[in-house]
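Inspection log for the structure reproduced underneath, given as structure tokens.
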Amino acid sequence: MADKSGLGETLKNYSGVQTFLIAFLRVVIGWHFLYEGYVKLSSDAWSAAGYLRAAPGPFGPMFESMVSSASMVGVIDAVMAWGLTLVGILLILGLFTRSALLVAALFLLMFYLSNPPWVGVQFMPGEGSYMVVNKNLVEMAAVLVLLVLPSGAMWGFDRLFARR
Amino acid sequence: MADNDKTSGVNRRDFLKAASTVPVLGAFALSLKAKKKQDTLAREEILSIGREGAQTNPNVLKRNYQRKGSANDTLNIAIVGCGGRGKSLMRAAGFHPPDEDGAGGLEGTEKLNIRLVAVCDLFTPSVEWAVAASGGTAKVYETYQELMADPDIDAVVCATPDHYHSAVTIAAAEAGKHIYVEKCMTKTIPQAYAVRDAVKKNGVIFQLGHQNRNSNRYDSAMEVIDKGMLGHVSLIQCYTNRNSRNGAWVYNIPKEQGPKSAASGPRNLDWEQYTANTVQRPYDPNRFFRWRCFWDYGTGLSGDLLTHELDVINMVMNMGIPSSATASGGVYHHKEYTTLMTAQGEPLGSDAPVPEGALPRPDVPVLRREVPDVYQVVYEWKDRDMTVVYNATLSNNWHRGQIYLGDEATMDLTGGVDVYADPRSHKYRKWLDNGKVKPDEPMISFRNVAGKGIEAITAATAQWTVAKGLLYTYRGGRLINTTYLHIKDWIDHIRDNNPKTMCDIDDGFQEAITAHMATYSYLNGTRVNWNEEAQEVEFEHEPKIPALS
């Protein structure tokens, strides 16, 4: 990640506004993940099973097979709730940012594929109007942009581990 | 610049930049606290609108029964009548042949510690099914009377057609055996008295098969009623909506059918015993396998589907037997049905697509049902200033729920439990005016598993059965078989020697009388009254006001 001229030099190439906005983007995505995770952790009735069983589109059967038994449902629910919470905290702190972003992108890809707003797919309606692109895809694109930027090393705890 | 100080590694400025977003976590925590406070306030404010729980409904105490005694002693049960419903009951209790799947919704549930030790059924394949389900050990009895004499049997599950319910229940009670009987509890009004007397006299533990009582939405519905949130409930609407031949009780007929007296073909069915206590007629497989279509054996919509609605309304409102019933309807859609087979002679399901070259089955006469497929009943409770309207058709699947109409609010049990303030309400005026309560949005909404669980079941009929609690409900976020819960409730009460089961003999008596009042009204074309003081049903045969005078 750090080029030969050192991270310090790379970071100097960003203006103050750029640095702020990149951190801002990462923090708001982190906030979103953290709250989604918190809601799932704090609700004793929440389960991903219903959503996954109803997953439409070409990947529907795959998602449905993921929740074929109660133990699988338990694992998936735990991965979802704790995964979202942990990713959220790490993104807000800018700690292990790259790994957290990778996991975030994977989560968002799964959310997108489990209910793809594609033409010809009877997808589950939510708020808003979508055709091909929905908020999951937009958020995933933002996460991918962050993946190619040293956001954690600008404002975040990754700075403490960065090679310079 | 400090950034360039490569020797110290981490300096103060680096640390400030590293920790710059930590306050965001603090902001998150503060927002969370504020949001929780707001949500809690809204909930408490709404709940405070209701009065203190009156707790006058004893049915509340029956919910979610916790067994007191131990379950270490294995109970021996017998099944009398192991057709469609009997098999469902056995599956829910954990018994099924090794090559078949068990019931859904049993994952993670407590084992009942019961043994299936005996079976009595009039159709040989059903007997064989039950024996296989028991692990090959169940004893086979030709008659229920012989079965009752077996001292090893502790308890009996009766899922015969309605015309044998009272006979089997009374025989079980007289033999000191606990009894779980399917609804409708009896076929006639006098039988309801006889069953109640037998169960009470012998002190056996009785459960009537209204498993949908276990649906957890009724916990919320009963709380709403208990807090008086609806005001005066003057009208309750309830419905049955189905649109298939199976839903209209035109079940498939196996090709193994044939009476024991047949000169040729299969001899699997004890028609003599089947008709022993009702009208004697020549053998007709429609009258055995599709018995719900005929008054000789069944109780029609009243006993089969109306009771599901009226029984839970009685549980929620605790209103007992209605002061009067008026019914109307007719056979308007499923008038005639010719049972078909393929060109190769294989039986076709009654709802199966009809292939090219399909032929009428020579072994099954044309079905002409007697019981109505469109049916309305109006019940009055004069002492409660209340009417219940039941309305059903078996040829439309549009989902209509159960709606409680009060002068302050409406409770809709169509999907979950939704309580809407009435726009003209006095009680909710303040909240309606300040916008905290909107008349077109529920002020209380109870959904299983945050609404996701119900959506998980996509087939319309399955959704319906979850919504009504007929097949499944939720416990701890899991979809649980309500029939299992109902059997467990019975078994737990047997172990505790506690007669107050979820649907006990008093509930059963009320259920049967309520259903039969409607049937008698329909058949006689007259209003039927209940004399609470005399505990008797009275008919209005003569017009009180002369017509056209």
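Chains as they are written, first to last, in the working numbering: chain A, 4 to 167; chain B, 217 to 765.
Note that beta-carbon positions come from the ideal geometry of N, C-alpha and C, so glycine has one too.
Residue pairing from DSSP places histidine 394(B) in a beta bridge opposite Ala371(B). The beta-carbon distance between tyrosine 396(B) and tryptophan 597(B), rounded to whole angstroms, is 29 Å. This is too long to meet the 8 Å contact definition.
In this chain, methionine 659(B) is not harboured by any alpha helix (DSSP H), its DSSP state being neither H nor E.
Scanning its chain for C-beta atoms nearer than 6 Å, with the 5 sequence neighbours on each side dropped, one finds around valine 90(A) the residues Phe36, Ala103, Val106, Ala107, in chain order. Less than 8 Å divides the Cβ of glutamate 552(B) from the Cβ of leucine 583(B). Burial is judged here by how many other beta carbons sit within 10 angstroms of a residue's own beta carbon; histidine 448(B) has fewer than 16 and is exposed. The region 536-544 of chain B makes no contact with the region 430-446 of chain B; the number of CB pairs closer than 8 Å stays below 3. Under the three-state reduction of DSSP, alanine 308(B) is assigned to helix.
Around the beta carbon of asparagine 493(B), a 10 Å sphere encloses fewer than 16 other beta carbons of the protein chains shown; the residue is thus reported as exposed. When Cβ-Cβ separations below 8 Å define contact, tyrosine 41(A) makes contact with chain B. When DSSP states are grouped into helix, strand and coil, glutamine 282(B) belongs to the coil group. Under a 10 Å Cβ-count criterion, asparagine 697(B) is classified as buried, with 16 or more other Cβ atoms of the shown protein chains found around its own Cβ. Beta-carbon to beta-carbon, valine 633(B) and arginine 433(B) are separated by about 5 Å, close enough to satisfy the 8 Å threshold. Under the DSSP assignment, isoleucine 619(B) falls in the beta strand (DSSP E) whose first and last residues are 619-622. Identification of residues in the region 296-323 of chain B having a C-beta nearer than 8 Å to some C-beta of chain A yields Glu323, given in sequence order. Contacts with chain B at 8 Å (Cβ-Cβ) do not include phenylalanine 99(A). By the neighbour-count criterion, in which 16 or more other beta carbons inside 10 Å mark a residue as buried, alanine 144(A) falls on the exposed side. A contact is defined here as three or more CB-CB pairs under 8 Å, and the region 339-351 of chain B fails this definition with respect to the region 371-382 of chain B.
Beyond the five residues adjoining it in sequence on each side, serine 247(B) comes within less than 8 Å, by CB distance, of no other residue in the same chain.
Taking a contact as a CB-CB distance under 8 Å, the pair serine 518(B) and alanine 731(B) counts as one, their CB atoms being some 4 Å apart.
By the CB criterion at 8 Å, arginine 711(B) and arginine 429(B) fall outside the cutoff.
DSSP assignment within the region 54-132 of chain A yields the following whole alpha helix (DSSP H) runs of 4 residues or more, N-terminal first: 63-69, 73-96, 100-117.
At a cut-off of 8 Å between beta carbons, alanine 250(B) makes no contact with chain A.
By the Cβ-count criterion, phenylalanine 114(A) is buried, with 16 or more other Cβ atoms from all chains shown falling within 10 Å of its own Cβ.
Closer than 8 Å to the CB of alanine 73(A) there is at least one CB belonging to chain B.
If you check the CB distance, leucine 14(A) and proline 153(A) come in under 8 Å.
Inclusion of glutamine 489(B) and threonine 717(B) in the CB contact set at 8 Å is not warranted, their separation being larger than that value. In this structure the region 325-336 of chain B does not touch the region 402-422 of chain B; the number of beta carbon pairs closer than 8 Å is below three. Close to serine 236(B), with beta-carbon spacing below 7 Å, are these residues of chain A in chain order: Trp158. Glycine 425(B) and threonine 689(B) have their C-alpha atoms roughly 16 Å apart. Around valine 397(B), no beta-carbon contact reaches into chain A at under 8 Å, the shortest distance being about 32 Å. DSSP places leucine 695(B) within a strand segment (E or B) once states are collapsed to three.
Rounded to the nearest whole angstrom, the C-alpha separation of arginine 645(B) and glycine 651(B) is 10 Å.
Shown here, alanine 464(B) sits in coil according to DSSP, grouped into three states, outside any helix or strand. Among the CB atoms of chain B, none fall inside 8 Å of the CB of isoleucine 32(A). Listed in chain order, the non-local C-beta contacts of leucine 93(A) below 8 Å within the same chain comprise Gly33, Phe99, Thr100, Ser102, Ala103, local neighbours out to five positions each way being set aside.
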